[in-house]
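Trainee: In the working numbering, the protein residues as written are 6 to 694. All residues carry an ideal CB built from backbone N, CA and C; glycine is no exception.
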Ligand code: M6R
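Below, the structure is given as structure tokens:
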């Protein structure tokens with residue numbers, strides 16, 4: 006979790022006010038990654054105190070550190086209050102300056118200013134660090150540092166990092182020679198275990214930043230200007246990182262959302278790379294852990310040449326547009342996001358004639374997948390539910406048995422994964438720690454690993470053997486909505502690509518592909534239930550609990566609908582397999598507890614009708630989701646409330662059926678007065694176990 010961000014302006018004049026606002030804005034873009042506390046560091050206008058007994062470079066300034074519990078806006082308010090009190094000059098201009106920023110999702114220590122980042126080496130803030138990830142050996146490091154006289158102020162794992170940096174800096178300085186900033190960081194890395202992306206700032210190295218990563222994501226953005234003026238025309242064609250004196254702005258960020266409004270030219274920093282920004286240059290060193298261990302001395306890094314890539318996203322994607330909330334926007338965006346997901350992948354021979362499915366990232370692996378002994382879907386939360394929705398169809402078309410694994414459970418059990426398996430990892434963010442650890446595990450066991458993710462360049466995309474991007478566009482609401490429907494569609498296309506195209510399955514395949522073409526229209530149609538779902542939400546807003554029963558293709562819909570309601574509306578809600586109802590949950594049924602039953606037309610329809618009857622017999626308070634025209638069938642004589650949805654092929658019905666439940670969760674949240682986009686205690690990507 007957590008979002009880290011940094012801004013360095015070089016030969017571009019920027020006022021302190023501008024720098025502050027740019028850092029705040031960066032944090033706002035990353036706030037969905039964690040939002041319980043935040044902090045920044047910029048330069049002051051005073052030089053470091055001589056009391057520290059250190060030789061700071063002549064141009065070094067004391068860093069200012071601001072940290073606050075709560076959301077970014079609270080940090081912003083507190084910074085401006087402090088600025089007022091201390092009469093800090095916001096108009097002061099810097100031609101070179103470095104600022105770092107952090108938004109937190111607490112793992113070690115509750116949200117509070119002292120547990121917020123930047124974490125500091127101590128008095129004088131000789132080293133400051135913002136961190137995304139977890140240092141697993143922090144207890145041992147802390148004990149060692151305490152023995153060397155360091156005093157800790159926070160409960161965080163992160164605090165060992167700046168203190169270790171100071172320890173390393175002091176030691177290397179005493180041994181003669183002044184280490185470079187990247188040497189200090191490389192030595193710190195050698196001692197850290199766990200997952201992290203880090204950005205360091207230090208008055209020992211004025212106007213320099215060093216960033217490094219292992220496991221957690223980190224991007225560098227570059228905006229280079231043609232003229233030596235303030236904000237001249239940017240170059241849009243810089244391809245390689247070369248050192249120039251051109252004015253430039255450099256950004257470091259946990260994800261692309263905080264970069265896109267500044268530049269599209271980015272570098273996805275790889276694990277074990279150390280990026281040193283200094284004097285207008287960007288040098289990248291590769292930490293070699295084996296080499297470091299073997300020599301037992303200072304790591305000998307190799308310098309790395311990297312080309313920039315172009316971000317394929319638009320600023321509009323990260324804005325709310327005319328919507329009140331990102332979740333609302335993302336629900337309503339689904340006709341378009343699904344279109345993008347399918348774009349270029351459904352091949353039509355002529356009007357009404359379908360040729361097939363083209364999945365570029367998979368084409369060389371289809372034979373291996375077909376021959377696998379088993380397909381194992383692995384994911385967490387909504388991504389797991391999407392795979393569960395796709396499972397029956399993948400089984401049907403591929404003929405390969407499909408098993409389901411929640412990533413953390415697979416790891417807890419060390420469940421069997423074999424060389425003959427195809428392990429399919431599903432993750433919107435591509436960053437989820439449990440999923441990535443399960444990927445390592447499956448790789449070690451020799452399985453073919455396929456990734457399905459929304460995030461180009463994510464750890465999942467980079468570390469799987471092959472895969473498919475879902476191309477749903479940026480999803481910023483913490484509750485996953487459009488990614489879910491795009492994931493189902495991608496897995497349906499996967500099934501079509503893997504499945505044989507025998508005569509017997511021809512008409513089924515063609516019907517599904519036809520339906521895929523028309524799916525955005527059907528989604529548009531079901532979105533018209535918005536007002537109806539708002540009315541239903543009004544009716545349910547004061548309830549304590551809500552059950553959802555589904556089966557077959559729509560067991561996943563029940564799980565996912567309930568997850569949405571509990572996650573954002575903070576209302577207890579359980580999705581259940583309708584076939585299990587009689588084996589326990591039926592005891593809960595009375596005339597007060599609201600129950601959603603999903604009973605659209607498919608092979609399970611008649612079984613769902615008996616479920617409805619059994620619930621009626623116990624005076625259950627039912628809301629039945631049914632196929633258009635079936636209201637009087639499922640709720641004869643108006644015996645319950647019906648939600649009618651358009652019919653599509655059974656395997657695509659979960660895409661349609663989840664949408665009224667997403668709308669219901671959204672409206673319940675607004676009516677109950679909770680935060681829609683940043684639900685309590687959650688964050689968008691879960692990068693810790
Ligand atoms: O990024 P991922 O798809 O791997 O995330 C997995 C879950 O953390 C995620 O789906 C979570 O359940 C969502 N917040 C649900 O809306």
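When DSSP labels each residue in this structure, what does residue 328 get in the three-state scheme?
Mentor: Coil, per DSSP.
Trainee: Of the choices 610, 328, 632, whose alpha-carbon is the least far from that of residue 682?
Mentor: 328
Trainee: With a threshold of 16 other CB atoms inside 10 Å of the CB of residue 151, please say whether the residue is buried or exposed.
Mentor: exposed
Trainee: Tell me whether residue 527 sits in a helix, a strand or coil according to DSSP, three-state version.
Mentor: helix
Trainee: DSSP three-state label for residue 689, please.
Mentor: If DSSP states are grouped into helix, strand and coil, residue 689 belongs with coil.
Trainee: Could you please give the first and the last residue of the uninterrupted alpha helix (DSSP H) stretch that includes residue 498?
Mentor: 487 to 503
Trainee: Where in the segment 571 to 635 do unbroken runs of the beta strand (DSSP E), each at least 3 residues long, occur, reported from the N-terminal end onward?
Mentor: 577 to 582, 599 to 604, 626 to 632
Trainee: Using a Cβ distance threshold of 8 Å, determine whether the segment 269 to 276 contacts the segment 23 to 36, with at least three qualifying pairs required.
Mentor: no
Trainee: Is the Cβ-Cβ distance between residue 213 and residue 186 less than 8 Å?
Mentor: yes
Trainee: Which residues have their C-beta within less than 5 Å of a heavy atom of the ligand M6R, listed in chain order?
Mentor: 385, 386, 387, 388, 432, 433, 434, 437, 484, 485, 691
Trainee: Buried or exposed: which applies to residue 4, given that a residue is buried once 16 or more other Cβ atoms fall within 10 Å of its Cβ?
Mentor: Because residue 4 is not part of the residues shown, which for the chain are 6 to 694, the question remains open.
Trainee: Compare the C-alpha of residue 581 against each of 568, 44, 370, 574 and name the closest.
Mentor: 568
Trainee: Residues in its own chain within less than 7 Å of residue 371 by CB, not counting five upstream and five downstream?
Mentor: 502, 503
Trainee: Using the rule of at least 16 other Cβ atoms within 10 Å of the residue's Cβ for burial, across every protein chain shown, is residue 449 buried or exposed?
Mentor: Answer is exposed; the Cβ neighbour count stays below 16.
Trainee: Among residues of its own chain, excluding the 5 on either side of residue 197, which ones have a beta-carbon nearer than 6 Å to its beta-carbon?
Mentor: The beta carbon of residue 197 lies closer than 6 Å to those of 140 in the same chain, with the five residues before and after it left out.
Trainee: Determine whether the beta carbon atoms of residue 1 and residue 118 lie at a separation below 8 Å.
Mentor: Because residue 1 is not part of the residues shown, which for the chain are 6 to 694, the question remains open.
Trainee: Measuring straight from C-alpha to C-alpha, what distance separates residue 142 and residue 112?
Mentor: 14 Å
Trainee: In this structure, how does DSSP classify residue 101 when only helix, strand and coil are distinguished?
Mentor: strand
Trainee: Return yes when the Cβ of residue 415 is within less than 8 Å of the Cβ of residue 383, no when it is not.
Mentor: yes
Trainee: For residue 76, which three-state DSSP category applies?
Mentor: Coil.
Trainee: Tell me, to the nearest whole angstrom, how far the beta carbon of residue 535 is from that of residue 668; I am working on the premise that it is less than 8 Å.
Mentor: 6 Å
Trainee: So residue 680 is in the alpha helix (DSSP H); what residue range does that whole segment cover?
Mentor: Neither: residue 680 is in no alpha helix (DSSP H) and is coded neither H nor E.
Trainee: Closest by CA to residue 491, which one among 650, 390, 204?
Mentor: 390
Trainee: Just to confirm before moving on: does the CB-CB distance between residue 65 and residue 52 stay below 8 Å?
Mentor: Cβ atoms of residue 65 and residue 52: closer than 8 Å.
Trainee: Considering only residues of the same chain and omitting the five flanking positions on each side of residue 645, which have a CB-CB separation below 7 Å?
Mentor: 627, 628, 629
Trainee: What residues are listed by DSSP as bridge partners for residue 108?
Mentor: The partner list for residue 108 (beta bridge, DSSP) reads 8, 43.
Trainee: Specify, as a first and last residue, the run of the beta strand (DSSP E) that residue 273 falls within.
Mentor: Run containing residue 273: 270 to 273, per the beta strand (DSSP E) assignment.
Trainee: Rounded to the nearest angstrom, how far is the Cβ of residue 576 from that of residue 657, given a contact under 8 Å?
Mentor: The pair is not a contact, with the Cβ atoms about 28 Å apart (cut-off 8 Å).
Trainee: Go ahead and pull the three-state DSSP assignment for residue 168.
Mentor: The answer is helix: DSSP assigns residue 168 an H, G or I state.
Trainee: Relative to the ligand PLP, is the shortest distance from any of its heavy atoms to the C-beta of residue 387 smaller than 7 Å?
Mentor: Inclusion of the ligand PLP in the displayed structure is not the case, the ligand content consisting of the ligand M6R alone.
Trainee: Taking one C-beta from the segment 461 to 468 and one from the segment 330 to 339 each time, how about it: are there three or more such pairs within less than 8 Å?
Mentor: They do not touch, by the three-pair rule.
Trainee: Which term fits residue 487, buried or exposed, when burial requires 16 or more other beta carbons within 10 angstroms of its beta carbon?
Mentor: buried
Trainee: Of the residues 68, 42, 593, 631, which one's Cα is nearest the Cα of residue 611?
Mentor: 631
Trainee: Please classify residue 689: is it buried, with 16 or more other beta-carbons within 10 angstroms of its beta-carbon, or exposed?
Mentor: Buried, since its Cβ has 16 or more Cβ neighbours within 10 Å.
Trainee: For residue 617, collect the residues of the same chain with a Cβ closer than 7 Å to its Cβ; drop the 5 residues on either side in sequence, then sort them by chain order.
Mentor: 602, 604, 627, 629, 639, listed in sequence order.
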